[in-house]
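Quick note: the sequence shown uses our numbering, first residue 957, plus one each step. Cβ atoms here follow ideal geometry from the backbone N, Cα and C, with glycine treated the same way. Bear in mind the structure is a predicted one, so any value in this text is a computation, not a measurement. A short write-up of the structure that comes next.
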Amino acid sequence: FELFRCFSFFFFEVARTFNLKIDDCEELSWIQWHSSADILFAGGRNGIWMWLITTNNVRQTKVYICDSPTTSIDGKLLNDGKRLLSCYEDGSVKLWSLKDEKSVSIVTGAGSATCLDVHHSSPVAIIGDLMARCYLVNTETAKILRIFTVVEKVTASEVTIECVKFCPGKEPWFVVGTNSGRLVIYDFNTSTLRHILKDDADPVVTCQWYMTNSNEMYIISADYTGMIKMWDSRSGLPLLAVLSQSVAAEDSHLLSMDLSVKGSMLFASYSSGQLCKFSSINR
């Protein structure tokens, strides 16, 4: 998809390919598929859009717009499939009901929000801001539970939370990465810092949890310079470091990273327009 104006869908069948273009959402920030329906959500400068997707048609169904103009920076569907949590450029956090298009505000006190994640089984979410803080909120009561200061003594918008991800297992952990190069794991039940995985000058772009079939859990981070690293999430010990720039164009920077559905392959995209695949990370 073209990031700022429109994006396209490609549906592949035995003998036909459909290319369907949508240009409703302005300055697209995020997209997410519904977990159990052919529905796509996208957030941007002019609100959150919802479309019903079929193999030959796209039908815009609803738009979720705030009272004041502000960009939806990130959004996640809750586990019930009926509500969506979004954080905004002005620091507001809203819990939207998909059916009636009404929202409940969660007051965090953040001046601006950068990213969020929703827990897979507990009614909690975590929101990052521009001041090195993470806000743990209850999605049932719409109340803030606690604030985690990832980097101390930040007085201006100089340390940004770039990624927050809850542990996919039963452990009450989340990992957070900053543009100052810090990557840490917290226990949100006890409010304790478990591990400082890295704390250098290379900004963290994104991070992922990786769980094997034998329930081993790892953290994979991607840095701006192209370094991809992996740690044991229980011990905090480093296991792997790959300079992905060796396969990307010179002077390009890493922009995003994700795992395949089965988790054994890792994909990274770069400012050069390249997409690189790293296979068999479990070995």
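> Nearest-angstrom Cα distance between residue 1076 and residue 1122?
Replying inline: Whole-angstrom Cα-Cα distance: 8 Å.
>> Taking 9 Å as the threshold (C-beta atoms), are residue 1082 and residue 1144 in contact?
In response: A contact, by the Cβ cut-off of 9 Å.
> Tell me which same chain residues have a C-beta within less than 6 Å of the C-beta of residue 1156, skipping the five on either side of it?
Replying inline: Here residue 1156 has 1137 as same chain residues with Cβ atoms under 6 Å from its own Cβ, once five neighbours each way along the sequence are excluded.
>> I'd like to check one pair, residue 1021 with residue 1247: are the Cβ atoms closer than 9 Å?
In response: Residue coverage of the chain in this structure runs from 957 to 1239, which leaves residue 1247 outside it and unanswerable.
>> On the CB-based measure, 16 or more other CB atoms within 10 Å of its CB, does residue 1154 come out buried or exposed?
In response: By the neighbour-count rule (16 or more Cβ atoms within 10 Å), residue 1154 is buried.
> Whose C-beta lies closer than 7 Å to the C-beta of residue 1151 among residues of the same chain, with five residues either side of it excluded?
Replying inline: Within its own chain, the residues whose Cβ lies closer than 7 Å to the Cβ of residue 1151, once the five positions on either side in sequence are excluded, are 1140, 1141 and 1192, listed in chain order.
>> Quick check: what's the CA-CA separation for residue 966 versus residue 1209?
In response: Its pLDDT being 45, under 50, residue 966 is placed unreliably by the model, and the measurement read from it follows with that caveat. In this structure, the alpha-carbon of residue 966 lies about 27 Å from that of residue 1209.
> Helix, strand or coil: which one does DSSP assign to residue 1050?
Replying inline: DSSP places residue 1050 within a strand segment (E or B) once states are collapsed to three.
> When the Cα of residue 1195 is compared with those of 1038, 1182 and 1177, which residue comes out closest?
Replying inline: Of the candidates 1038, 1182 and 1177, the residue whose Cα lies closest to the Cα of residue 1195 is 1177.
>> For residue 1030 and residue 1059, what's the separation of their Cα atoms in angstroms?
In response: Going from the Cα of residue 1030 to the Cα of residue 1059 covers about 16 Å.
> How many Å lie between residue 1037 and residue 1110 at the Cα?
Replying inline: Residue 1037 and residue 1110: Cα-Cα distance of roughly 37 Å.
>> Contact defined as beta carbons within less than 8 Å: I believe residue 1055 pairs with residue 1042. What is the distance between those atoms, to the nearest angstrom?
In response: The beta-carbon distance between residue 1055 and residue 1042, rounded to whole angstroms, is 16 Å. This is too long to meet the 8 Å contact definition.
> DSSP state of residue 1156, grouped into three classes?
Replying inline: When DSSP states are grouped into helix, strand and coil, residue 1156 belongs to the coil group.
>> Rounded to the nearest angstrom, what separates residue 1182 and residue 1199 at their Cα positions?
In response: Rounded to the nearest angstrom, the two C-alpha atoms are 6 Å apart.
> Do residue 1057 and residue 1014 come within 9 Å of each other at the CB atom, strictly closer than that value?
Replying inline: Taking 9 Å as the cut-off, the Cβ atoms of residue 1014 and residue 1057 do not count as close.
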